[in-house]
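Visitor:
Residue numbers (this note's numbering), protein chains in the order written: chain V, 1 to 221; chain P, 1 to 221; chain C, 1 to 221.
1. Under a Cβ-count criterion, where at least 16 other Cβ atoms within 10 Å of its own Cβ denotes burial, should residue 190/C be classed as buried or exposed?
2. What is the DSSP secondary structure of residue 75/V, counted as helix, strand or coil?
3. Distance check for residue 37/C and residue 75/C, CA to CA, integer angstroms please.
4. Return the first residue and the last residue of the alpha helix (DSSP H) that residue 164/V is part of.
5. Output yes or no for whether 7 Å exceeds the beta carbon distance between residue 167/C and residue 178/C.
6. Measuring CB to CB, does residue 111/V end up less than 7 Å from residue 122/V?
7. Identify, in the order they occur along the chain, each residue of the same chain with its Cβ nearer than 6 Å to the Cβ of residue 210/V, setting aside the five sequence neighbours on each side.
8. As an exercise, report each continuous alpha helix (DSSP H) stretch of at least 4 residues that is fully enclosed by the region 28-64 of chain C, in chain order.
9. How far does the alpha helix (DSSP H) with residue 150/V in it extend, from its first residue to its last?
10. Quick one: grab the DSSP three-state call for residue 199/P.
11. With three or more C-beta pairs closer than 8 Å as the rule, is the region 136-152 of chain V touching the region 30-49 of chain P?
12. Which chain P residues are close to residue 185/V, counting only those with a beta carbon under 8 Å from its beta carbon?
13. Is the beta carbon of residue 135/V closer than 7 Å to that of residue 107/V?
14. Apart from the five residues on each side of it in sequence, which residues of its chain come closer than 8 Å, Cβ to Cβ, to residue 25/V?
15. Thinking residue 99/V and residue 9/V are a contact (beta carbons under 8 Å), I'd like their distance in whole angstroms, please.
16. How about residue 72/V and residue 7/V: are their beta carbons less than 7 Å apart?
17. Can you name, in chain order, every residue of its own chain whose Cβ lies under 7 Å from the Cβ of residue 59/P, other than the five neighbours on each side?
18. Chain C beta carbons: is any one of them nearer than 7 Å to that of residue 216/V?
19. Could you give the first and the last residue of the continuous alpha helix (DSSP H) run that contains residue 93/C?
20. DSSP on residue 122/V, reduced to helix/strand/coil?
21. Would you decide whether residue 188/V is buried or exposed? Buried here means 16 or more other CB atoms lie within 10 Å of its CB.
22. For residue 57/C, tell me which candidate among 105/P, 62/P, 51/P and 183/P has the shortest Cα-Cα distance.
23. Roughly how far, in whole angstroms, is the beta-carbon of residue 23/P from the beta-carbon of residue 63/C, given that I think they are within contact range, below 8 Å?
24. Along the region 111-143 of chain C, what residues have a CB closer than 7 Å to any CB found in chain V?
25. Are residue 40/V and residue 137/V close, meaning C-beta to C-beta below 7 Å?
26. Can you find a C-beta in chain C that's less than 7 Å from the C-beta of residue 36/V?
27. Using a Cβ-Cβ cut-off of less than 7 Å, give me the residues of the region 42-65 of chain P that come near chain V, in sequence order.
28. Is the Cβ-Cβ distance between residue 120/P and residue 157/P less than 7 Å?
29. Less than 7 Å between CB atoms is the rule here; does residue 10/V satisfy it with respect to chain C?
30. Which class does residue 187/P belong to by DSSP, given the choice of helix, strand or coil?
31. Can you check whether the C-beta of residue 29/P is within less than 7 Å of a C-beta belonging to chain V?
32. Does residue 93/C pass the burial test, meaning 16 or more other C-beta atoms within 10 Å, or should it be called exposed?
33. Using only the alpha-carbon positions, how far apart do residue 200/C and residue 16/P sit?
34. Classify residue 103/C as buried or exposed, calling it buried when 16 or more other Cβ atoms lie within 10 Å of its own Cβ.
35. Using a Cβ-Cβ distance under 7 Å, would residue 165/P count as near chain C?
36. Evaluate residue 213/V with the Cβ neighbour count: other Cβ atoms within 10 Å of its Cβ, from every protein chain shown; 16 or more gives buried, anything less gives exposed.
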């Protein structure tokens with residue numbers, strides 16, 4: 001399990017960095033700026049979450065994700081023509097989906113272990129850990145962030161975080177299988193979303209919001 | 001006094017959430033995004049302030065404001081037509097005024113109790129606690145934030161925070177009446193501002209800034 | 001050396017505040033908002049860096065920079081016509097260059113002393129301390145931030161931070177001369193950049209990015 005975590009975490013970080021670079025290139029950024037944006041995307045959310053928890057940033061103990069993000073972003077910058085190819089970009093979206101599901105559940109577990117603001121706190125911190133870096137990146141780059149779109153991204157993560165929390169409190173002896181199951185379901189929900197370009201259901205929108213912008217789903221940004 | 005605090009705090013949080021939702025709805029947000037924005041508005045400023053102080057977030061011990069913000073935001077989203085009615089919206093602005101005055105002074109008191117960066121620190125942290133969440137919300141939503149407008153919002157809060165600090169240090173035995181008086185005065189200053197759509201005085205502006213945008217004052221955003 | 005630090009730090013903070021005010025005035029800000037922006041620019045980066053390090057904000061112990069930023073911003077707001085004069089503005093850019101070089105290296109040293117996330121952590125925290133406040137200011141003001149431009153600003157700071165880190169680990173007995181040399185070199189690199197309006201080299205850009213926006217370099221914003 002620990003090895004699978006490491007593999008998903010690294011592949012997810014690669015995807016975070018690559019999609020971050022592709023998202024900021026149209027803004028006319030240089031390789032240095034792109035690398036900073038990739039790093040913010042990869043470790044920004046976890047850093048905020050750790051600061052709120054009052055624990056040292058996870059990257060202060062293990063720099064793996066930092067190195068992976070730095071290396072991936074340089075490759076993605078100079079290889080951006082290749083990365084934008086539909087198959088590659090779709091693969092990145094799938095890896096992003098796996099990575100973010102893992103990071104959210106690990107964030108929920110970390111906050112639960114610290115008994116932080118139960119029951120809502122772990123959900124808030126898990127979701128911040130998962131999407132916080134992307135929010136900062138979009139804000140700095142002047143892009144519309146995912147909260148302002150109707151793409152199913154943060155919502156399934158939040159549902160997954162709540163599901164983990166409820167199940168882990170009901171069946172405390174089975175956290176590792178609950179973790180595995182929720183990560184898998186969040187990942188699959190996201191794969192279906194990507195493949196079918198799903199957006200939030202109609203009842204979550206107001207009347208005049210009938211044409212959501214879902215272009216970011218599959219097309220390269 | 002503690003009961004009055006609780007009532008003002010809850011009503012203020014309702015107003016934070018409702019005005020946050022109304023501010024982001026024109027951007028085409030869905031109910032999930034609107035709820036996140038309301039939560040950020042309600043607890044974002046206090047969270048930053050607590051992190052700078054190096055103390056646990058207040059919502060890690062008491063989730064009342066979190067629940068109030070979540071519930072209010074859903075009601076405001078689906079009831080937004082009703083909330084935008086002038087009488088309701090004006091009521092929300094008054095409740096917001098009372099809530100933010102309370103949160104600023106409680107923030108000042110918290111920093112003073114920790115002797116943090118006296119004499120300026122408590123003012124900075126009180127104001128961050130009061131307006132920080134709104135600044136993050138506006139930034140994420142792509143709205144112009146209140147620092148870039150000429151509406152009298154952060155300025156009276158800052159004056160009130162300074163007044164509390166000065167008076168509480170001069171008369172340390174009377175902090176609860178000083179607290180009551182400054183909150184009341186900040187609230188009344190804001191009510192007058194809302195009713196008369198006041199903007200910052202002329203000498204605080206540069207020559208070419210003669211037509212401040214004060215539309216956010218009374219008209220629903 | 002401590003006196004030189006103090007002088008550079010204060011002059012750098014003056015420059016941070018003045019350039020911040022000049023950067024937000026075109027947005028139609030009033031003197032209160034301009035002062036807040038100057039304060040954020042002056043102490044924002046260091047505050048984030050200290051929060052990530054888990055140490056109290058440096059301004060909680062010494063408010064010198066806070067007072068300097070507040071006073072300078074008021075002077076810059078009302079004296080903005082005079083500050084925008086080419087000679088004065090260029091002087092401010094030079095002082096900013098000296099100040100930011102100092103703050104980056106002091107940030108690197110602080111993180112190294114705490115053994116934080118060696119070897120990359122001190123570089124990240126030093127650069128955040130140097131440019132973080134400006135990033136927040138630009139984001140709040142709706143200006144394009146320096147990461148999205150091709151001006152040589154954050155890049156030479158990062159190179160300087162890496163150089164200090166490498167040299168200080170190789171020659172631990174000579175940190176004060178290494179500090180002096182790297183600050184001087186970073187300052188000189190920035191002076192040359194300002195005087196010749198340098199932008200990032202061609203190989204750091206993608207094909208379609210041939211006309212970088214370097215207007216912020218010397219012309220008043």
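We put the beta carbon where it would ideally sit given N, CA and C, even for glycine.
Guide: Inspection of the coordinates gives the following:
1. buried
2. helix
3. 14 Å
4. 154-170
5. yes
6. yes
7. Any reading at residue 210/V must be qualified, since the residue scores a pLDDT of 44, below 50, and its modelled position is unreliable; no value is offered.
8. Correct list: 31-53.
9. Neither: residue 150/V is in no alpha helix (DSSP H) and is coded neither H nor E.
10. In the structure shown, residue 199/P sits in a strand (DSSP, three-state: E or B).
11. yes
12. Chain P residues near residue 185/V: none, gap ~18 Å exceeds 8 Å.
13. No. Outside cutoff.
14. By the criterion of a C-beta distance shorter than 8 Å, residue 25/V is surrounded in its chain by 34, 77 and 80, once the five residues flanking it on both sides are discounted.
15. 7 Å
16. no
17. 43, 65 and 66
18. Residue confidence for residue 216/V is low, a pLDDT of 43 falling below 50, so the modelled location carries little weight; the figure read from the coordinates is stated next. Cβ-Cβ to chain C under 7 Å: no for residue 216/V.
19. 86-113
20. helix
21. exposed
22. 51/P
23. Incorrect: roughly 34 Å between the Cβ atoms, too far for contact.
24. 116, 117, 120, 121, 135 and 139
25. yes
26. yes
27. 47, 51, 56, 57, 59, 60 and 63
28. Cβ atoms of residue 120/P and residue 157/P: not closer than 7 Å.
29. no
30. Look at residue 187/P here: in three-state DSSP terms it is helix.
31. yes
32. buried
33. 44 Å
34. buried
35. Chain C, which has no Cβ nearer than 7 Å to the Cβ of residue 165/P, makes this no.
36. Since pLDDT at residue 213/V reaches only 42, below the 50 mark, its modelled position is unreliable, and no value is offered.
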